[in-house]
Structure formats: structure tokens, C-alpha cells
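Residue numbers (UniProt numbering): 1 to 250.
Report on the following structure.
In C-alpha cells, the structure reads:
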């Protein structure tokens with residue numbers, strides 16, 4: 001059975017990539033939701049990412065969050081991608097003047113998230129697949145949130161994708177054994193294990209307030225919500241992909 005290790009709190013810490021050889025390599029994608037994590041979360045995430053990509057509506061959100069302040073020029077995306085129906089003219093002109101590459105992708109069969117993933121793919125090689133942190137992927141319209149969870153399933157064999165809001169971090173646990181390393185100063189105490197996209201799963205856990213032992217989780221039967229992290233390492237064994245979500249304190 002495959003074994004996976006997770007340490008999501010590392011994305012939310014400040015570090016010097018030139019000194020710390022274990023610094024995470026990731027790309028940030030900003031989707032079309034308000035930027036509310038300006039102080040504790042957004043700044044280190046943005047500045048420490050290897051590549052910064054905005055969906056067209058996400059570019060408006062970055063601009064509106066910082067316009068009128070001396071920080072606006074600190075948050076310049078490398079790319080803006082989408083069908084550009086949402087990108088305002090003033091935002092387009094500003095970022096073009098700062099060297100941002102704007103890509104028009106009119107494909108109506110692809111979501112903003114997937115259009116941004118295509119940009120990442122164009123910058124990678126077969127031996128280098130970046131982790132992705134997507135801001136604005138959870139919250140707002142429910143169908144958008146579910147679409148982004150759909151892509152956690154669809155892309156699970158390609159790369160790790162984390163859906164981040166100012167409330168929680170959400171990602172997919174594929175079938176196997178997962179060691180989730182927790183930092184109580186950044187995440188918790190509440191968490192959830194959700195069988196979204198599958199009919200049911202058999203799971204066992206350690207490190208939670210209410211652990212499960214070979215339990216069946218399914219909608220209409222039992223799901224683990226509002227559980228509590230009781231250890232700095234959570235171990236989850238599952239025979240099907242599950243969605244893990246954890247509360248953030250930052």
C-alpha cells in the first residue's frame with residue numbers, strides 16, 4: 001500500500017529559499033474570490049512561490065486588494081490566463097505595463113483552474129511537477145467549489161493541489177496510508193475527512209479526538225466532520241480517495 005507524507009503548514013511559514021534546501025516548490029493560482037488573507041497568509045504564499053498565475057477575475061481581485069497602497073507593485077503576476085471576459089481594462093493595462101503575460105484561452109470546456117494548470121504544464125518538464133496552491137477555489141458559488149474538488153480527483157496522479165481559503169486548507173488523500181504532520185500554531189483544531197466523489201471508503205485513523213477503526217464513510221451513512229486534531233501527526237489509512245480539510249489559525 002502506498003505511503004504519503006504531508007506537511008501543509010510549511011507553505012504558510014516564511015523562509016529563505018536560498019538558504020533552506022527544504023523550502024517547498026510550488027505555484028500559486030489566484031481565482032476569482034476576494035483576497036482576504038492579506039497579512040498573515042497571502043504575503044508569504046505569494047512572495048515565496050516559484051510562479052504566480054491569476055485567472056482573469058483573480059487579477060481583478062489582486063489589484064482591488066492592494067490598489068491605493070504602496071504594496072500594489074509587490075504583487076505582479078507572471079501570467080493572467082482566461083477568456084478575459086472578466087479582466088477589467090484598467091487591470092489589464094496596469095499589469096501589462098509591469099510585464100505580466102496575458103494569455104487568452106477561450107475554451108469554454110475548461111475552467112479557470114484548468115486554464116491556469118495548462119500554463120504551469122507549459123513551464124515544466126516531465127521530471128518536475130510543481131505543487132499548486134489555489135486561492136479562491138473554495139467558497140463563493142457552490143458549483144465552482146465542487147468543480148475544483150473534481151479537479152483534485154482528476155489530477156491526483158499528476159500533482160498535489162491544495163485549495164486554500166482564509167478558513168481552511170483542503171486537499172485529496174489518495175488510497176493508501178497518509179502521515180499528515182500538523183503545526184498547532186498554524187492549523188487546527190478542527191478537521192474533516194469527506195468521501196466526496198466516491199460511493200464509500202473504509203478508513204482507520206490515529207491522532208484524532210474521535211478516531212475511526214475500519215469504519216465505512218459514505219454520504220447517507222457516516223462522515224467525519226468537526227473532528228479534532230489531538231496529535232502533531234495524523235495517520236489515515238483509506239482504500240479510496242478522500243478529501244481532507246483542516247481549519248487554519250493564521
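Here a beta-carbon is modelled for each residue, glycine too, at the ideal position from N, C-alpha and C.
Since the structure is predicted, the reported quantities are computational estimates derived from the model, not experimental observations.
CB contact flag (residue i, residue j, <8 Å)
i: residue 129; j: residue 82; result: no
i: residue 4; j: residue 24; result: no
i: residue 230; j: residue 181; result: no
i: residue 119; j: residue 102; result: no
i: residue 186; j: residue 249; result: yes
Endpoints, beta strand (DSSP E) assigned at residue i
i: residue 223; result: That residue, residue 223, is in no beta strand (DSSP E); it is neither H nor E in DSSP.
i: residue 168; result: 168-173
Span separating the alpha-carbon of residue i from that of residue j
i: residue 99; j: residue 225; result: 44 Å
i: residue 94; j: residue 141; result: 28 Å
i: residue 91; j: residue 27; result: 22 Å
i: residue 67; j: residue 73; result: 9 Å
i: residue 214; j: residue 126; result: 37 Å
i: residue 150; j: residue 235; result: 24 Å
i: residue 52; j: residue 2; result: 31 Å
Neighbourhood of residue i by C-beta, 7 Å cutoff - its chain only, sequence neighbours within 5 removed
i: residue 86; result: 32, 56, 57, 60
i: residue 208; result: 227, 228, 229, 230, 234
Contact set for residue i: own chain, Cβ-Cβ below 8 Å, skip 5 residues either direction
i: residue 200; result: 216, 217, 218, 221, 240
i: residue 160; result: 131, 132, 171
Cβ distance (whole Å) where residue i is taken to contact residue j below 8 Å
i: residue 41; j: residue 169; result: No, residue 41 and residue 169 are not in contact; Cβ-Cβ is about 10 Å, not under 8 Å.
i: residue 242; j: residue 195; result: 6 Å
i: residue 237; j: residue 203; result: 7 Å
Chain-order list of residues whose beta-carbon lies under 6 Å from that of residue i (same chain, five-residue window excluded)
i: residue 137; result: 31, 148, 163
i: residue 189; result: 228, 229
Segment limits, alpha helix (DSSP H) that includes residue i
i: residue 56; result: 56-66
i: residue 152; result: 142-154
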